[in-house]
Each structure stands twice: as structure tokens, then as C-alpha cells.
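A.B. asks: Below: one structure in C-alpha cells.
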Amino acid sequence: MLQPQQPITGNGPSASRGLGLNVHPGMHPLNPVHPAGLEGIENGHDNRRDIKDILQQIMTITDQSLDEAQAKKHALNCHRMKPALFSVLCEIKEKTGLSMRNAQEEEPPDPQLVRLDNMLLAEGVAGPEKGGGAAAAVSAATSSGGMSPDSSLGHSDYKSKLSQIRNIYHTELEKYEQACSEFTTHVMNLLREQSRTRPVSPREIERMVAIIHRKFSSIQSQLKQSTCEAVMILRSRFLDARRKRRNFSKQATEGLNEYFYSHLSNPYPSEEAKEELAKQCSITMSQVSNWFGNKRIRYKRNIGKFQEEANLYAMKTALGATQSEESPHTPNSTGSGSFSLSGSADCFLGVPPVNGEQPPYHMGAQDAQSRFSERLYSTRESRTNGNWQEQNTPPSATSPGSDHSDNSD
DNA sequence: GTTGATGATTCCTG
DNA sequence: CAGGAATCATCAAC
Numbered sequence: 001m002l003q004p005q006q007p008i009t010g011n012g013p014s015a016s017r018g019l020g021l022n023v024h025p026g027m028h029p030l031n032p033v034h035p036a037g038l039e040g041i042e043n044g045h046d047n048r049r050d051i052k053d054i055l056q057q058i059m060t061i062t063d064q065s066l067d068e069a070q071a072k073k074h075a076l077n078c079h080r081m082k083p084a085l086f087s088v089l090c091e092i093k094e095k096t097g098l099s100m101r102n103a104q105e106e107e108p109p110d111p112q113l114v115r116l117d118n119m120l121l122a123e124g125v126a127g128p129e130k131g132g133g134a135a136a137a138v139s140a141a142t143s144s145g146g147m148s149p150d151s152s153l154g155h156s157d158y159k160s161k162l163s164q165i166r167n168i169y170h171t172e173l174e175k176y177e178q179a180c181s182e183f184t185t186h187v188m189n190l191l192r193e194q195s196r197t198r199p200v201s202p203r204e205i206e207r208m209v210a211i212i213h214r215k216f217s218s219i220q221s222q223l224k225q226s227t228c229e230a231v232m233i234l235r236s237r238f239l240d241a242r243r244k245r246r247n248f249s250k251q252a253t254e255g256l257n258e259y260f261y262s263h264l265s266n267p268y269p270s271e272e273a274k275e276e277l278a279k280q281c282s283i284t285m286s287q288v289s290n291w292f293g294n295k296r297i298r299y300k301r302n303i304g305k306f307q308e309e310a311n312l313y314a315m316k317t318a319l320g321a322t323q324s325e326e327s328p329h330t331p332n333s334t335g336s337g338s339f340s341l342s343g344s345a346d347c348f349l350g351v352p353p354v355n356g357e358q359p360p361y362h363m364g365a366q367d368a369q370s371r372f373s374e375r376l377y378s379t380r381e382s383r384t385n386g387n388w389q390e391q392n393t394p395p396s397a398t399s400p401g402s403d404h405s406d407n408s409d
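Next up, the structure:
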């Protein structure tokens, strides 16, 4: 794409300055490396003086004013020695292999940059605008058990902020790309201009372009890093579940409590039961696990405090069970309104007798209870169950009058 | 602002 | 890896 020997037409200011001839190692004026370039010249002594003069002019060209330099440059380009000198320069360059120095440097992709790219893509900042972006990040955070669905008001805020970051990122990226492209064009023009007075190979230009791109790439990676940091801050601020804790809905709490107290002998829902509870309470399975974990430990810590609650739910379940007995068409009715669980039919039947007492509610449905228990309790629970039963004697749930709870703690 | 309740997280254990 | 225990952070009632 370059024609180094083409006639001079351009006379831009850039060409008159950095001609770059004073850095060439093989350019000693009195000792041309290859005499072929001076073919046809008969008087060697005069020639040497000519060359000396020309080079002297070239060396001092940067000290001159623009117009003067332009004029000198034009004079030099028109000089009869110019083609010969140019040819010498070309040969010197070829011999020394200057233009090829470091030409082979093929840098592997920067792992740090790749990481940043991947992260921005995952966060929805880079890549396609809709679908995989903020929504994906939010849904990921939610499904990991972070937030309850009613915290979605925070999501829209998060999305809008993420969108802002995305916009800024793309604007800046565009700016950088434009600047890079402009600068590259400028440098290429400069080199083309210079190629009229010194040999500049296409490969050299490519190398220069690569250098420029590397420089801009490092700026870009800084931009990417800053963007990643901004997204991280945003995430921690908006998606940190602790900050955005929301109480479960009344219905959800009721459902969980119902299950807890109706399985007081073994309040360890199986995966299946957790899934069902999660579905019915509109929370995630990990939230169900959290809830039961908290409930068990808090109940155990202060059984007396939960006595009333236990009684309440015992009443409810008992009422539900009675109703279900009376009207077999509604077997799953638990007296808790819209909330019902398939496993709640074993209301308090799993509660072991306290000091040999009979369970207060014996519906004659022990078989059903066993079946439900078998289905709902995982193998893991059977391990922990014994422990729970031994250590946590449930209160006489349905007889508040005979409260003999130990009010532990 | 204080305080108790509560959902989530972290660390540890079996 | 599930669960216990401790703790944190926020909510909500006062």
C-alpha cells in the first residue's frame, strides 16, 4: 500500500519536522554502505561533498521555520541525488533489519482483560442490551435465595443504575475507539508522508498501529476495571439481601409456622416438603431452610415463649383435622384459610407423649401420619430427629391451662 | 431513638 | 452438605 518512491506531492507541516533520518545507524554520510546507489556518478570527491551538503541540510531542517523548511524540503526532494540516497537508505534498512525488529511480538490476550470482559458480559454491561443483562443478574441474585419477591422495587432501581453504568461505559468505549481510530489514521498519514523521504515498510506501519492499539487497549482495560468496580458496588448496595431484608408475608409465615408446629416432633422438612412450602409461600427453598433453621434454634432456646404460638397452631390444625374428618371431601383443609399443605394432616400426631402422656389429639389417623411423615422426611431428618425429640420436649400444645413448660433460659 | 422480631450469613461440626 | 449456633442487619412497633 505504500509507494516509497512516489513523487512528492504532500507538503504538510508534519513532513517537514521529524524526518527521522538522524537516527539511522548506517547513515554515515562519508561511508555509504552500498556504492550501487551512486551508480553513474563519476567524480567521487564531488559526490561526497554533495551528500555531505544534503545531509547537513537534512540535519538542520528542524531548526528552520516552517516555510523555510518546506522550501528546503522541496529543494531536497527535487535534488538529483535524492533517488540515489533513498535507494541507499532502503538498502541499509534492509540489511540492518531495523524495520523488522520486534516485529514478531505477538502478545497473548491479557488474562486480566479477558476476566474483565467476561465479568462485564455476565453483569450485562457489555454484550446484548436486553435479556441477559440486569434482569439476569437480578434473577440470579434472587434465585440464590437472596431476596423475597416483594423486594422487586429495589430491582427496578438496580436496573436503572446498571443501565446508567452501561450507558456511560459504552459512551466512553466509543470515545476511546474513536480516538484510537483517529490517532491511528493520523499516525498512518504521518508515516506515509515520511515514507517519501525515508523508507517506511508496510510492516513498520502495521507495527506502529499495533503499538497504538495496545496503548489504547490499556486505557480501555482501565475503563473496564472502573466499570466492574462500579457494578460491584451497585450489586452490594442493591442486591445485598441483608440490607434489603423484607419480612415474609403473613400468609407465608403462617404456612411455615403451621408446618413447623404440626411437625414439632421432627421439624425438618424434606427437600420435597421444602419445595412445596417454598412454592406455597412464594419464597425460595433456601429461604425455607433459613426459616426452619432460625425457627428451630429460637424455639429450642426459648420454648416457653413459643408456647402460645404452638397452642394457637395446634388449635388451628386440630380444627382443620376435625373438619376434614367431618367432611372427607376436603381432606387437606387445615383451618388456615387459603394455605394448606399436604403434609399437615399429621397435626401433632408426631409429637411424642410428654412423660408418657397420650398425645392430646388422636384422630385415629396414625397411618396417614406415618405415610405423610415417610414421604416428607428425608433420611437426613431421621438422623437429626432423634436429637430434636430428646432435647426439645414440645409443650402441651393444646392445653394452655396445664402449662408446665420449663421456660428454658 | 430504642427495642424486639426476624431473615440472612458465617463458622463450625458430624 | 445439612444443620446448629452465633451474629449481623434490617424491619416495625412504640
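To convert, note that position 275 of the first sequence is 275 in the working numbering; the numbers rise steadily by one, no gaps. Beta carbons: idealized from backbone N, C-alpha and C, even for Gly. Note that this is a predicted model, so its numbers are computed, not measured.
From A126, E206 and E94, pick the residue whose C-alpha is nearest to that of L168; which is it?
C.D. replies: Inspection of the sequence shows that residue 168 is occupied by Ile rather than by Leu. Minimum Cα distance to I168 is reached at A126.
A.B. asks: R192: which of S160, E204 and R115 sits nearest, CA to CA?
C.D. replies: E204
A.B. asks: Among A278, D117 and N77, which residue has its Cα nearest to the Cα of Q222?
C.D. replies: D117
A.B. asks: Exposed or buried, what is R80 when buried is set at 16 or more other beta-carbons lying within 10 Å of its beta-carbon?
C.D. replies: exposed
A.B. asks: Report yes if the C-beta distance between K274 and S289 is below 8 Å; otherwise report no.
C.D. replies: yes
A.B. asks: With a threshold of 16 other CB atoms inside 10 Å of the CB of H263, please say whether the residue is buried or exposed.
C.D. replies: buried
A.B. asks: Run the CB neighbour count on D50, radius 10 Å, all protein chains shown included, and call it buried at 16 or more, exposed below.
C.D. replies: buried
A.B. asks: In chain order, what residues of the same chain have a beta carbon less than 8 Å from the beta carbon of A439, not counting five sequence neighbours either side?
C.D. replies: Since the first residue shown for the chain is 1 and the last is 409, residue 439 is missing from the structure and cannot be characterised.
A.B. asks: For E123, does the count of other Cβ atoms within 10 angstroms reach 16, so buried, or fall short, so exposed?
C.D. replies: buried
A.B. asks: Looking at C281 and F248, is the spacing between their C-beta atoms short of 8 Å?
C.D. replies: yes
A.B. asks: Assign H213 to one of three DSSP states: helix, strand, or coil.
C.D. replies: helix
A.B. asks: Return the Cβ separation of L89 and K82 in integer angstroms, given the expectation that the two are a contact with Cβ distance under 8 Å.
C.D. replies: The Cβ separation is near 10 Å, so there is no contact.
A.B. asks: Restricting to Cα atoms, I'd like to know which of T184, L277, E309 and E177 is closest to R207.
C.D. replies: T184
A.B. asks: Given a cut-off of 8 Å, decide if V187 and Q194 are closer than it, judged by their beta-carbon atoms.
C.D. replies: no
A.B. asks: With a threshold of 6 Å on Cβ separation, who are the neighbours of L113 within its own chain once the five nearest residues in sequence on each side are excluded?
C.D. replies: S221
A.B. asks: State buried or exposed for G284, treating a residue as buried only when at least 16 other CB atoms are found within 10 Å of its CB.
C.D. replies: According to the sequence shown, residue 284 is Thr rather than Gly. Looking at its Cβ environment, which holds 16 or more other Cβ atoms inside 10 Å, T284 is buried.
A.B. asks: When you compare each of S218, T96, Q164 and E254 to P109 by their alpha carbons, which one comes out closest?
C.D. replies: S218
A.B. asks: Going by CA-CA distance only, name the one from Q164, D67 and I92 that's closest to A230.
C.D. replies: Among Q164, D67 and I92, the Cα nearest to that of A230 belongs to Q164.
A.B. asks: Put I283 into one of helix, strand or coil per three-state DSSP.
C.D. replies: coil
A.B. asks: Which of the three DSSP states is assigned to G293 in this structure?
C.D. replies: Note: G293 maps to helix in three-state DSSP.
A.B. asks: Quick one: what does DSSP say P202 is sitting in, helix, strand or coil?
C.D. replies: helix
A.B. asks: For P111, is the classification buried or exposed, using 16 other Cβ atoms within 10 angstroms of its Cβ as the cut-off for buried?
C.D. replies: Classification for P111: exposed.
A.B. asks: Use the C-beta contact count for G255: other C-beta atoms within 10 angstroms, 16 or more gives buried, fewer gives exposed.
C.D. replies: buried
A.B. asks: What is the residue span of the alpha helix (DSSP H) that S87 lies within?
C.D. replies: In this chain, the alpha helix (DSSP H) harbouring S87 covers K82 to T96.
A.B. asks: In or out: P269 buried (at least 16 other Cβ within 10 Å) or exposed?
C.D. replies: buried
A.B. asks: Would you identify the three-state DSSP class for A75, choosing helix, strand or coil?
C.D. replies: helix
A.B. asks: Could you name the residues of the same chain whose beta carbon sits closer than 7 Å to that of M119, not counting the 5 residues immediately before and after it, in chain order?
C.D. replies: C228
A.B. asks: Identify which residue in E172, T197 and I212 has its Cα closest to the Cα of Q225.
C.D. replies: Nearest C-alpha to Q225: E172.
A.B. asks: Give me the Cβ distance between Q57 and K72, rounded to the nearest whole Å; I'm assuming they're in contact under 8 Å.
C.D. replies: 6 Å
A.B. asks: For T197, is the classification buried or exposed, using 16 other Cβ atoms within 10 angstroms of its Cβ as the cut-off for buried?
C.D. replies: buried
A.B. asks: W388 and N266 - do their beta-carbons sit closer together than 8 Å?
C.D. replies: yes
A.B. asks: Taking the alpha helix (DSSP H) that Y268 falls in, what are its first and last residues?
C.D. replies: It is not in any alpha helix (DSSP H) - Y268 carries neither H nor E in the DSSP assignment.
A.B. asks: Using CA atoms only, rank isn't needed, just tell me which of V209, S160 and C78 is closest to L190.
C.D. replies: V209
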